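**Q** Protein chains in written order, with our numbering: chain G, 1 to 231; chain P, 1001 to 1231.
Protein chains: 2
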Amino acid sequence: MEKYKLLIVEDDPNLGQILKEYLELKGYETLLCPDGEVGSKSYNKEVFDLCILDIMMPKKDGFTLAKEIRLSDKKTPIIFLTAKSMKEDTIEGFRIGGDDYLTKPFSMEELLMRLKAIIRRTSVKDLAKNDQKEFEFGQFKFLSDKQLLKINNSEIKLTTKENELLRLLCVNKDEVMERTTALKKIWHDDTYFNARSMDVYITKLRKHLKEDQNVQILTIHGRGFKLVAYI
Amino acid sequence: MEKYKLLIVEDDPNLGQILKEYLELKGYETLLCPDGEVGSKSYNKEVFDLCILDIMMPKKDGFTLAKEIRLSDKKTPIIFLTAKSMKEDTIEGFRIGGDDYLTKPFSMEELLMRLKAIIRRTSVKDLAKNDQKEFEFGQFKFLSDKQLLKINNSEIKLTTKENELLRLLCVNKDEVMERTTALKKIWHDDTYFNARSMDVYITKLRKHLKEDQNVQILTIHGRGFKLVAYI
DNA sequence: GAGGGACGTTAAAAAGCGTTAAAAGCCAAC
DNA sequence: GTTGGCTTTTAACGCTTTTTAACGTCCCTC
């Protein structure tokens, strides 16, 4: 079963390690970053289900990082951690688009409860679907673990990248597969050339999917792609 | 503009009144109940977007009320208010299915921020889920999830923006689609240039809709547009 | 009915995407 | 280690979508 993935950005190595261990014990996958800059880089390379950001940190503080994240991503929940309980700070945290704000010292249990409450409310993601290996749409049958796309009596062997991209489209069928998500998950970096490479693969997949006119990959301009089947 | 409706259950008449007045000033519709029993009755009579429950109350405490609510309704967010900051209590609040937990005394501003953060999340989720995907008006059939506008035997492929705008007009058919609403929902910012861009798209849509003379996009000067079909 | 703000339309600029082909990278067989 | 075949990336060009700009018209207010 796939786990929820958390980005923890905390400069105090003790607290960071405690957070990491506790949350991993509770069944989450975590990545711990020692400052805002490393946190920013990690955020741009991977997809996380939730971010836990300390506010006062060297190099780049939590508010600045949160603002950067919110420029492109309004969705991923953010929890702030801080030693200051100042009213203005709290309000600033929510103004930026944070989802919760915990003042140190807090109990691990309370953090966990708040984290769960947020994920329960926000997560549209179905973890079970992420483990799915076979998909059907239109007249196609897609076996992602065998890299095979079947239609009628013919089989198309997919390359690794074709396979991963089609899989992500299937997991998000009838919803938008965001460009940035695909780039992070499949190409591990959201850069100009990777984006061009992805466009090439969309073309390749569209050619394969031509066999059934009722299946299409729609372009959602500025956001990504959407796999739809008309029947 | 429809307001969010809040159920406030608080036995302290002073705090209750302050909450009510403050939140109404901030644009919410509220109903204040003096204890859990009255709160329970009110909850069963009306639909609320969020509940604010004090925990220690005569007749029926906040936890009991929350449990009742969660028996039938897992969705409506619940914020607990309490004088006790005991850890077990907080955790119990989240265990029941609460969404946030504020310890008295708290600032009205912080309550408002937390409330907004929760509503921002839940309303986004709802919009994504319970949205209609197919519309009919005049001789048109509009499949918004496929970005297709059909009339007679022809299909018009819509661009992403055309599609989103037409969808918003359809949702508000025969009523005014406010300019600011459209700009916020589709362009994510109500600025001068986005407003001009939207005008361009209204022109594009009007061209597409020319196929049926009985369908029109009316201009409501100073407010927005209205999609109407005369037959 | 004059003036200013709001809207309508068209065209050009900018940004984003689609497609093809060539270059580079990878890997297994020889 | 070199070859050949396949996958992936880079490059280039053309096209579509979206935004910006400019100018004309409408419409409300005074």
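Ideal placement from N, C-alpha and C gives every residue a C-beta, glycine not left out.
Given the structure is predicted, the values throughout are model-derived calculations rather than measurements.
1) If we require 3 or more residues per run, which beta strand (DSSP E) segments fall completely within the region 1091-1126 of chain P?
2) When you compare the CB of residue 220(G) with every CB in chain P, is at least one pair closer than 8 Å?
3) I'd like to know if the region 1051-1071 of chain P and the region 73-85 of chain G are in contact, where contact means that at least 3 CB-CB pairs between them fall below 8 Å.
4) Tell me which same chain residues have a C-beta within less than 7 Å of the C-beta of residue 1036(P), skipping the five on either side of it?
5) What span of residues does the alpha helix (DSSP H) with residue 148(G) cover, start to end?
6) Put residue 1132(P) into one of helix, strand or coil per three-state DSSP.
7) Name the two residues that bound the continuous alpha helix (DSSP H) containing residue 41(G).
8) I believe residue 1051(P) touches residue 1076(P) by the beta-carbon criterion, under 8 Å. Please report the beta-carbon distance rounded to the nearest angstrom.
9) Could you compute how far the alpha carbon of residue 11(G) sits from the alpha carbon of residue 103(G)?
10) So, residue 186(G) versus residue 207(G), is the Cβ gap smaller than 8 Å?
11) Using Cβ-Cβ distances below 9 Å, what residues of the region 1185-1196 of chain P are close to chain G?
12) Once you ignore the five residues that flank residue 1129(P) on each side, which residues in its own chain have a CB closer than 6 Å to its CB?
13) Could you name the residues of the same chain whose beta carbon sits closer than 7 Å to that of residue 1190(P), not counting the 5 residues immediately before and after it, in chain order?
14) Spatial neighbours of residue 29(G) within its chain, please: CB distance less than 8 Å, with the 5 preceding and 5 following residues excluded, ordered by chain position.
15) I'd like the span of the beta strand (DSSP E) that includes residue 216(G), first residue to last.
16) Name the one or two DSSP bridge partners that residue 1224(P) has.
17) Please classify residue 212(G): does DSSP put it in a helix, a strand, or coil?
18) How would you call residue 1127(P), buried or exposed, if buried means at least 16 neighbouring beta carbons within 10 angstroms?
19) Could you pull the DSSP bridge partners for residue 1052(P) from this structure?
20) Might you give, ordered along the chain, the residues of its own chain that have their beta carbon closer than 8 Å to the beta carbon of residue 163(G), omitting 5 neighbours on each side?
21) For residue 1113(P), is the classification buried or exposed, using 16 other Cβ atoms within 10 angstroms of its Cβ as the cut-off for buried?
22) Is it true that the CB of residue 1098(P) sits closer than 8 Å to the CB of residue 229(G)?
23) Using 10 angstroms around the beta-carbon of residue 1039(P), count the other beta-carbons present and answer buried if the total reaches 16, otherwise exposed.
24) Helix, strand or coil: how does DSSP classify residue 203(G) here?
25) Indicate the three-state DSSP secondary structure (helix, strand or coil) for residue 1160(P) in the structure shown.
26) Which of the three DSSP states, helix, strand or coil, is assigned to residue 1033(P)?
27) Closest to residue 1226(P) by C-alpha separation, out of 1202(P), 1212(P), 1088(P), 1210(P), would be which residue?
28) Scan the region 1084-1106 of chain P for residues whose Cβ lies nearer than 9 Å to a Cβ of chain G and list them as they occur along the chain.
29) How should residue 1215(P) be labelled, buried or exposed, when 16 other C-beta atoms within 10 angstroms of its C-beta is the threshold for buried?
30) Beta-carbon of residue 1006(P) versus every beta-carbon of chain G: anything under 8 Å?
31) Would you list, in chain order, the members of the region 1136-1154 of chain P that have their beta-carbon closer than 8 Å to a beta-carbon of chain G?
**A** Based on what the coordinates show:
1) 1100-1103
2) For the purposes of this step, residue 220(G) is taken as residue 220 along the first sequence, with counting starting at 1. Yes, because at least one Cβ of chain P sits closer than 8 Å to the Cβ of residue 220(G).
3) no
4) Your numbering for residue 1036(P) matches position 36 in the second sequence. Taken in chain order, the residues that qualify are 1009, 1057, 1059, 1060, 1061, 1062, 1064, 1065.
5) Taking the first residue of the first sequence as 1, we reach residue 148(G) at position 148. It is not in any alpha helix (DSSP H) - residue 148(G) instead sits in the beta strand (DSSP E) that spans 148-151.
6) For the purposes of this step, residue 1132(P) is identified with residue 132 of the second sequence, where counting begins at 1. Three-state DSSP puts residue 1132(P) in coil, outside helix and strand.
7) Within the first sequence, the letter at position 41 stands for residue 41(G). Note, residue 41(G): alpha helix (DSSP H), 36-45.
8) As a first step, residue 1051(P) is located in the second sequence; it is residue number 51 there, counting from the start. As a first step, residue 1076(P) is located in the second sequence; it is residue number 76 there, counting from the start. Confirmed, Cβ separation roughly 6 Å.
9) The count along the first sequence starts at 1 and reaches residue 11(G) at position 11. The count along the first sequence starts at 1 and reaches residue 103(G) at position 103. Between residue 11(G) and residue 103(G), the C-alpha separation is close to 15 Å.
10) Residue mapping note: residue 186(G) aligns to position 186 of the first sequence, counting from 1. Residue mapping note: residue 207(G) aligns to position 207 of the first sequence, counting from 1. The answer is no: Cβ separation not under 8 Å.
11) 1188
12) Counted from its first residue, the second sequence places residue 1129(P) at position 129. Here residue 1129(P) scores only 48 on pLDDT, less than 50, and its place in the model is too uncertain to base an answer on.
13) Along the second sequence, one-based indexing puts residue 1190(P) at 190. The residues are 1180, 1183, 1184.
14) Locating residue 29(G) in the first sequence gives position 29, counting from the first residue. So the list reads 3, 4, 5, 6, once near-sequence residues are dropped.
15) As a working note, residue 216(G) is residue 216 in the first sequence. Run containing residue 216(G): 215-220, per the beta strand (DSSP E) assignment.
16) Residue numbering aside, residue 1224(P) sits at position 224 when the second sequence is read from its first letter. 1178(P), 1220(P).
17) Taking the first sequence and counting its residues from 1, one reaches residue 212(G) at position 212. Coil.
18) Your numbering for residue 1127(P) matches position 127 in the second sequence. Reliability fails at residue 1127(P), whose pLDDT of 47 lies under 50, so the model's placement of it is uncertain and no value is given.
19) Locating residue 1052(P) in the second sequence gives position 52, counting from the first residue. Residue 1052(P) pairs with 1008(P), 1079(P).
20) Along the first sequence, one-based indexing puts residue 163(G) at 163. Result list for residue 163(G): 144, 147, in chain order.
21) Translated into the one-based positions of the second sequence, residue 1113(P) becomes position 113. Residue 1113(P) comes out buried.
22) Residue mapping note: residue 229(G) aligns to position 229 of the first sequence, counting from 1. Residue mapping note: residue 1098(P) aligns to position 98 of the second sequence, counting from 1. No; because the gap between Cβ atoms is not below 8 Å, this pair is not in contact.
23) Reading the second sequence from its first residue, position 39 is the one you call residue 1039(P). Buried, since its Cβ has 16 or more Cβ neighbours within 10 Å.
24) Position 203 of the first sequence, counted from the start, is the residue given in the question as residue 203(G). The answer is helix: DSSP assigns residue 203(G) an H, G or I state.
25) Walking along the second sequence from the start, residue 1160(P) turns up at place 160. If DSSP states are grouped into helix, strand and coil, residue 1160(P) belongs with the helices.
26) To locate residue 1033(P), count along the second sequence from 1; it is residue 33. In the structure shown, residue 1033(P) sits in a strand (DSSP, three-state: E or B).
27) Within the second sequence, the letter at position 226 stands for residue 1226(P). Out of 1202(P), 1212(P), 1088(P), 1210(P), 1202(P) has the C-alpha closest to the C-alpha of residue 1226(P).
28) 1087, 1090, 1091, 1093, 1094, 1095, 1097, 1098, 1099, 1100, 1101
29) Looking up residue 1215(P) in the second sequence gives position 215. When all chains shown are included, residue 1215(P) counts as buried.
30) Here residue 1006(P) refers to the residue found at position 6 of the second sequence. No, residue 1006(P) does not count as interfacial toward chain G.
31) 1145, 1146, 1147
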